[in-house]
Structures are given as C-alpha cells and as structure tokens.
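Undergrad:
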Amino acid sequence: MFRCLTQRTSSNWLFRTLNKLSPRCAKLVISTSPKESQMATQVVMPKLSPTMEEGQLSRWLKKEGDKVSMGEPLAEIDTDKATMEMQALANGVLRKILIGEGESAPLGQAIAIIGEADEDIAALLKSIEGKPAKAPSAPAEPAPPAAAPTQEATPPDTKPSESTDGKPSSETSREGGRQLISPIAARMAAEAGINLKSVQGSGPGGRIVKRDIEAAAGAKEGEAKGGPSKSGPRLKPMVAAPHKAGAVFGPSSFRDEPLSEMRRTIARRLVTSLGPVPHFFLTSEIDMERAADLRRSINELYPDIKLSINDIVIKVAAAALMQHPQVNASFRDKTVRYYEHADLGIAVATENGLITPVVRSADLKSLLEIAGEVRELAARARARKLKPEEYTGASFSISNLGMFGVEEFTAVINPPEGAILAVGAMTPKPVAHDGQIVIRQTMRVTMSCDHRVIDGAIGAQFLQTFKQILENPLYLFLSQ
Numbered sequence: 002m003f004r005c006l007t008q009r010t011s012s013n014w015l016f017r018t019l020n021k022l023s024p025r026c027a028k029l030v031i032s033t034s035p036k037e038s039q040m041a042t043q044v045v046m047p048k049l050s051p052t053m054e055e056g057q058l059s060r061w062l063k064k065e066g067d068k069v070s071m072g073e074p075l076a077e078i079d080t081d082k083a084t085m086e087m088q089a090l091a092n093g094v095l096r097k098i099l100i101g102e103g104e105s106a107p108l109g110q111a112i113a114i115i116g117e118a119d120e121d122i123a124a125l126l127k128s129i130e131g132k133p134a135k136a137p138s139a140p141a142e143p144a145p146p147a148a149a150p151t152q153e154a155t156p157p158d159t160k161p162s163e164s165t166d167g168k169p170s171s172e173t174s175r176e177g178g179r180q181l182i183s184p185i186a187a188r189m190a191a192e193a194g195i196n197l198k199s200v201q202g203s204g205p206g207g208r209i210v211k212r213d214i215e216a217a218a219g220a221k222e223g224e225a226k227g228g229p230s231k232s233g234p235r236l237k238p239m240v241a242a243p244h245k246a247g248a249v250f251g252p253s254s255f256r257d258e259p260l261s262e263m264r265r266t267i268a269r270r271l272v273t274s275l276g277p278v279p280h281f282f283l284t285s286e287i288d289m290e291r292a293a294d295l296r297r298s299i300n301e302l303y304p305d306i307k308l309s310i311n312d313i314v315i316k317v318a319a320a321a322l323m324q325h326p327q328v329n330a331s332f333r334d335k336t337v338r339y340y341e342h343a344d345l346g347i348a349v350a351t352e353n354g355l356i357t358p359v360v361r362s363a364d365l366k367s368l369l370e371i372a373g374e375v376r377e378l379a380a381r382a383r384a385r386k387l388k389p390e391e392y393t394g395a396s397f398s399i400s401n402l403g404m405f406g407v408e409e410f411t412a413v414i415n416p417p418e419g420a421i422l423a424v425g426a427m428t429p430k431p432v433a434h435d436g437q438i439v440i441r442q443t444m445r446v447t448m449s450c451d452h453r454v455i456d457g458a459i460g461a462q463f464l465q466t467f468k469q470i471l472e473n474p475l476y477l478f479l480s481q
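The sequence shown finishes on residue 481 if you use our numbering, and the numbering steps up by one all the way, no holes.
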C-alpha cells in the first residue's frame, strides 16, 4: 500500500505521515524520482448516476495549468438525468484536458491528466492514446449526399461544423461560413422564430448560446405591439419565402442535432420497455367536478400553495395503491417486488427531455405536502440539480399532458415499474347526472400495465378505486 502511495505523490505531509508509520517507506518517498515512477494521475469519466453509461463534458471549471486540490470541483458533467460536479481525486496541476466542452466519453475513459507542473507526461499521453475507447459515443451522422445541383438552385452546405471549443455547431450560414450555435440555442431560436444573423454570440469563439437567444427573444417581445396570448403559444404568420420564378429546388436543408445524454437514455430505456414488457391498457372517464371544487376551496384558504389537479391525482393514486398493493409492484428477473409505500414518479418535461423525480411515501403525506414537494422537485429537475436517489426507485409513475390540451394518451412503462398512469385534460362534456343531461368537467386516464406483474382484473379494480376517490375526494381527509 505504501509503495502505491509513494508513486502518486511525494508531498511533505505524506512524508511526515509515512515517517511516523515506517521510516523505511519514508525513505522511498525521497529516493523515488519523477523519472522513475508515474506521478501523473488520469482523470476518468466517473459514474454519476445508476443508469449512466457515458457523460458529456458540460463545462471545465479549471483550465490547463491551474492548480487543483483533492475534492475541489473540476468540471460539470451532463449525465443522462442531471448536470453534476466532478471533483478532483488528486492534488497537483491540471496538465492536460483530453476532451472539450460538449464532447462525450464513456465511463472510465481518460478525460484529463493531473500531475506536477514540471512533470513529463508524454509517456502517459501515449499510453492513453493507445488504449481503445470502451464505448465511444456515435458521432452525429453527416448529411446524405445531395442530388446533383443545377445552375439555378444550389443546396446549401449542410455538413455539421465544429466550433473552436470542441462543441458541434448546429447552424451554417448561407455564404458557406460557419455560425457556431449550441443545440439548445438552435432549438430555442427555431421555436421563437429568431433570425440567427441578428444574434451576437457571447460564448467561446462567438458561439451563440442559450442566454443569447433568451435576450433576443426578450427584445423581440418588447418590439411587438401586443403581448403573447395567455391561452397558449403564439402562432406565427405563414409568409412565403421569396424565390425566383421557375427555380428548380434541391433537397431541403436541415440540421443534425446530437442526442443529449438524457435523450439517449430515454431512447434506450423505452425501446427496452416496449420490447420485452407486455403492455396492456385500461381507460376510464372520471367526473372531476368535486375535485375541481376541492382545488378551488384549498387555493382560497392557502393562496400561496397553488394546488393543482395533478397534486390531487398524485394523492388519490397513492391512496388507491394502498388498497391495491398488487399494483404497487415491479418486475424482477425471478420475483415480483411489492412495495410498502407509494413512491410515485412524476413525469417532468425539461428542455433536455423527460425526467421522473420521485415523491417518496406519498401515501403518508398530505395534499399540501405533496404540492410543495412536487414544485420543488420539478424546479430542480428543470435546473438539472436532482440527485440520483431523487429520480430512481419509483414504484408507480404518473404522466400528465392535460396542461397541453391532450385529452387522452397512452404512456410507456418505465422498467422495472409495473404500471404508469397517463392523465389527460379536464374538459366540459354533456353527461347524465341525477337524471338530467348537464355539462360537467370530465377527465380521461389510461393506465399502462405490465402483464407479468398485473392481471387485467387487478388493474381494473385499481382504476375503479382511483375513479371513486377522485369523484369523492373528501375520502382523502376521512381516511387519514
């Protein structure tokens, strides 16, 4: 053990420590020169989440030549779910950065070298370059070859360009010059209808980043005569682009946007789910008048809480799971695991993809506690600040697209969970009530079940209980 330590550092504190434990080993520290041992340390891509297979270097917090201390933040890594800090595991100087910001590396691959300021790291660099990557990330596919251009219409160059800081560019100018822009900024600009030629990039090398698009969008709204519609996204008028009469059009230009770590994980897990997991679906329509009245009453008493229908749905699902524990389960290779409490995964849409933070033991929490926790988890999810234990280990999931006006949909089960509930929008409909046809608020929900865990009758009984409680939400207060 001492021999290993002496090869990593020869600092004074280690010499004093080893001298107390073993004078012989302390002499080894003095006699071992940098030329005789490998002093430099490889910094490798760490495993920062349970489902992480590779990471994307979001930002270096140190630059080459900076001193670093053990435990000091070294870089920010984009995992499949969140952005997390990577700490230095050695003292010294950041001698070499091996991957740039925006680049990805598989777990265990060297991404930097820490060593002494005057240390020769040529041999270590050569050994790293000679090692094949375990699972290199697939580069963005180049654009397919365009058809032979005519003299009147020449399709623009659509090859993805690279910025000076190592990040793939997502946009090229018409003149053939390269306009550097991050994938997120490109998507935001497209959604906001912002002309990128009018945007000045503030990132490295003039790269257009998210804050530049936000600033441009703010300026654009300030110039507009009327504000955006409160009922939904503002529709942009369709204006035909000018073109020469009789022009022959080539293939449409496009933009290849590399998959983020989160999007890769979503793709991999959902393909895995739809393949081996035998889904079946159950749909129910629920009268939401009393639930809507309860929400209004609570919000009048506690205006700062801003209770949502989704908060009530979460609490009702937890109560129904306690009555039907066969649904509060997950499939394992040779067993079915049944959970004592309702740990509910709540789907949250972020600019990078979908993530499901978990409300632990929702069956033991009040409506107000659930509302506050959901707000906090959702905010941290959008800021990519969730810890791995905050988005793993759910026993049941809920996905709500009602706020987008979606009335009904089916959701894909998140393995190994046994079920997921898809919640649609509340809509006014004519229904038979007390012998009369009246307009009432209704909502449709669809539960996707893993048939290896849940039988049809069991799933139907759960959905029946869920409907009964949601149509009579005072049960939540009587049962506590």
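Cβ atoms here follow ideal geometry from the backbone N, Cα and C, with glycine treated the same way.
Apart from the five residues on each side of it in sequence, which residues of its chain come closer than 8 Å, Cβ to Cβ, to Q408?
TA: By one-based count along the sequence shown, residue 408 stands at place 407. Correcting the residue type first, residue 408 is Glu in the shown sequence and not Gln. Excluding residues within five positions, the ones whose Cβ falls inside 8 Å are G425, A426, T428, R445.
Undergrad: Would you say the segment 404 to 422 touches the segment 434 to 452, given that touching needs at least three Cβ pairs under 8 Å?
TA: Touching, per the Cβ criterion.
Undergrad: With burial defined as no fewer than 16 other Cβ atoms inside 10 Å of the residue's Cβ, what is the status of A372: buried or exposed?
TA: Taking the first residue of the sequence shown as position 1, residue 372 is located at position 371. Classification of A372: buried, given that the 10 Å Cβ count is 16 or more.
Undergrad: With DSSP run on the structure shown, which of helix, strand or coil describes R264?
TA: Mapped onto the sequence shown, residue 264 falls at position 263. In the structure shown, R264 sits in a helix (DSSP, three-state: H, G or I).
Undergrad: In chain order, what residues of the same chain lie with their CB nearer than 8 Å to the CB of E418, ignoring the 5 residues before and after it?
TA: Residue numbering aside, residue 418 sits at position 417 when the sequence shown is read from its first letter. Cβ neighbours of E418 beyond the five flanking positions: S331, G346, A395, S396, F397, S398, D451.
Undergrad: For my contact list, L308 and R296 are in at a C-beta cut-off of 8 Å; report their separation, rounded to the angstrom.
TA: One-based indexing of the sequence shown puts residue 308 at position 307. One-based indexing of the sequence shown puts residue 296 at position 295. With a Cβ gap of about 5 Å, L308 and R296 count as contacting.
Undergrad: What's the gap between the Cα of A191 and the Cα of R270?
TA: Counted from its first residue, the sequence shown places residue 191 at position 190. Counted from its first residue, the sequence shown places residue 270 at position 269. Whole-angstrom Cα-Cα distance: 28 Å.
Undergrad: Can you tell which of S70, V317, A343 has the C-alpha that lies nearest to the C-alpha of N473?
TA: One-based indexing of the sequence shown puts residue 473 at position 472. Closest option to N473, Cα to Cα, is V317.
Undergrad: For the alpha helix (DSSP H) that contains V1, what are its first and last residues?
TA: No answer is possible for residue 1: the residues shown for the chain start at 2 and end at 481.
Undergrad: Taking Cβ to Cβ, would you say V272 is nearer than 7 Å to I455?
TA: Translated into positions along the sequence shown, residue 272 becomes position 271. Translated into positions along the sequence shown, residue 455 becomes position 454. Cβ distance not < 7 Å, so V272 and I455 don't count as in contact.
Undergrad: Does D364 pass the burial test, meaning 16 or more other C-beta atoms within 10 Å, or should it be called exposed?
TA: As a position in the sequence shown, residue 364 is number 363, starting the count at 1. That one is buried.
Undergrad: Can you check whether the CB of P358 is closer than 7 Å to the CB of L387?
TA: The sequence position of residue 387 within the sequence shown is 386, counting from 1. The sequence position of residue 358 within the sequence shown is 357, counting from 1. Yes.
Undergrad: Sort out for me which residues DSSP pairs R441 with in a bridge.
TA: Mapped onto the sequence shown, residue 441 falls at position 440. K430, per the DSSP bridge assignment.
Undergrad: With distance defined between alpha-carbon atoms, name the residue in L464, R96, S70 nearest to T284.
TA: Stepping through the sequence shown from its first residue, residue 284 is reached at position 283. Nearest C-alpha to T284: L464.
Undergrad: What's the gap between the Cα of I267 and the Cα of G354?
TA: Along the sequence shown, one-based indexing puts residue 267 at 266. Along the sequence shown, one-based indexing puts residue 354 at 353. Spanning the two alpha carbons is a distance of roughly 8 Å.
Undergrad: With a threshold of 16 other CB atoms inside 10 Å of the CB of A320, please say whether the residue is buried or exposed.
TA: Looking up residue 320 in the sequence shown gives position 319. By the neighbour-count rule (16 or more Cβ atoms within 10 Å), A320 is buried.
Undergrad: Excluding sequence positions up to five away, which residues of its chain have a Cβ less than 7 Å from the Cβ of P74?
TA: Here residue 74 refers to the residue found at position 73 when the sequence shown is read from its first residue. Taken in chain order, the residues that qualify are L62, E86, Q88.
Undergrad: Tell me the rounded alpha-carbon separation between P431 and Q437.
TA: Numbered from 1 along the sequence shown, position 430 holds the residue referred to as residue 431. Numbered from 1 along the sequence shown, position 436 holds the residue referred to as residue 437. Answer to the nearest angstrom: the Cα atoms are 10 Å apart.
Undergrad: In the DSSP output, what is N401 paired with across the bridge?
TA: Taking the first residue of the sequence shown as position 1, residue 401 is located at position 400. For N401, which the question treats as bridged, DSSP gives the partners V424.
Undergrad: Taking its Cβ as the centre, do 16 or more other Cβ atoms sit within 10 Å of E102, making it buried, or is it exposed?
TA: Here residue 102 is taken as the residue at index 101 of the sequence shown, counted from 1. Per the 10 Å Cβ criterion, buried.
Undergrad: Measure how close the beta-carbons of T52 and D81 come, nearest whole angstrom, since I'm counting them as under 8 Å.
TA: Position 51 of the sequence shown, counted from the first residue, corresponds to residue 52. Position 80 of the sequence shown, counted from the first residue, corresponds to residue 81. Indeed they touch by this definition, with Cβ atoms about 6 Å apart.
Undergrad: Rounded to the nearest angstrom, what separates G1 and A186 at their Cα positions?
TA: Any answer about residue 1 is impossible in this case: the structure gives the chain only from 2 up to 481.
Undergrad: Starting from the C-beta of I78, find all residues in its chain whose C-beta is less than 8 Å away, skip the five residues before and the five after it, and write them out in chain order.
TA: As a working mapping, residue 78 is identified with position 77 in the sequence shown. M46, P47, L49, G56, Q57, L58, S59, T84, M85, E86, M87.
Undergrad: Pop quiz: L1 and D312 are said to be a contact at Cβ under 8 Å. What is the actual Cβ separation, rounded to whole angstroms?
TA: The structure shown has nothing for residue 1, since the chain only spans 2 to 481.
Undergrad: Candidates L90, G66, E65, I356: which alpha carbon is nearest G72's?
TA: Along the sequence shown, one-based indexing puts residue 72 at 71. Residue L90 is the option with its Cα nearest to G72.
Undergrad: Helix, strand or coil: which one does DSSP assign to Q465?
TA: The count along the sequence shown starts at 1 and reaches residue 465 at position 464. Helix at Q465.
Undergrad: Measuring alpha carbon to alpha carbon, tell me which of A423, Q201, A217, M289 ends up nearest G194.
TA: Position 193 of the sequence shown, counted from the first residue, corresponds to residue 194. G194 has its Cα closest to that of A217, out of A423, Q201, A217, M289.
Undergrad: Beta-carbon within less than 6 Å of L471's beta-carbon, same chain only, minus the 5 sequence neighbours each way: which residues are those?
TA: Here the question's residue 471 lines up with position 470 in the sequence shown. Around L471: I287, A292, V317.
Undergrad: Could you tell me which residues DSSP puts in a beta bridge with L95?
TA: Along the sequence shown, read from residue 1 onward, the residue named residue 95 stands at position 94. Note: L95 sits in a beta bridge opposite I115.
Undergrad: In three-state DSSP terms, what is L62?
TA: Within the sequence shown, the letter at position 61 stands for residue 62. Here L62 sits in coil by DSSP.
Undergrad: Starting from the C-beta of Y340, find all residues in its chain whose C-beta is less than 6 Å away, skip the five residues before and the five after it, and write them out in chain order.
TA: The count along the sequence shown starts at 1 and reaches residue 340 at position 339. Same-chain partners within the cutoff: N329, S396.
Undergrad: Using alpha carbons as the reference points, say which of I114, A118, D119 lies closest to L125.
TA: On the sequence shown, residue 125 is found 124 positions in, with the first residue counted as 1. Nearest of I114, A118, D119 to L125, Cα basis: I114.
Undergrad: Measure the C-alpha to C-alpha separation of I306 and N300 and round it to an integer number of angstroms.
TA: Position 305 of the sequence shown, counted from the start, is the residue given in the question as residue 306. Position 299 of the sequence shown, counted from the start, is the residue given in the question as residue 300. Using only the alpha carbons, I get a separation of about 7 Å.
Undergrad: CA-CA distance, V360 and F281?
TA: Taking the first residue of the sequence shown as position 1, residue 360 is located at position 359. Taking the first residue of the sequence shown as position 1, residue 281 is located at position 280. Near 25 Å, if we compare the C-alpha coordinates of F281 and V360.
Undergrad: When the Cα atoms are used, what is the spatial distance from V413 to G207?
TA: The residue you call residue 413 lines up with position 412 of the sequence shown. The residue you call residue 207 lines up with position 206 of the sequence shown. Using only the alpha carbons, I get a separation of about 41 Å.
Undergrad: Can you grab the Cα-Cα spacing for the pair I122 / S203, in whole Å?
TA: In the sequence shown, residue 122 corresponds to position 121, counting from 1. In the sequence shown, residue 203 corresponds to position 202, counting from 1. Going from the Cα of I122 to the Cα of S203 covers about 34 Å.
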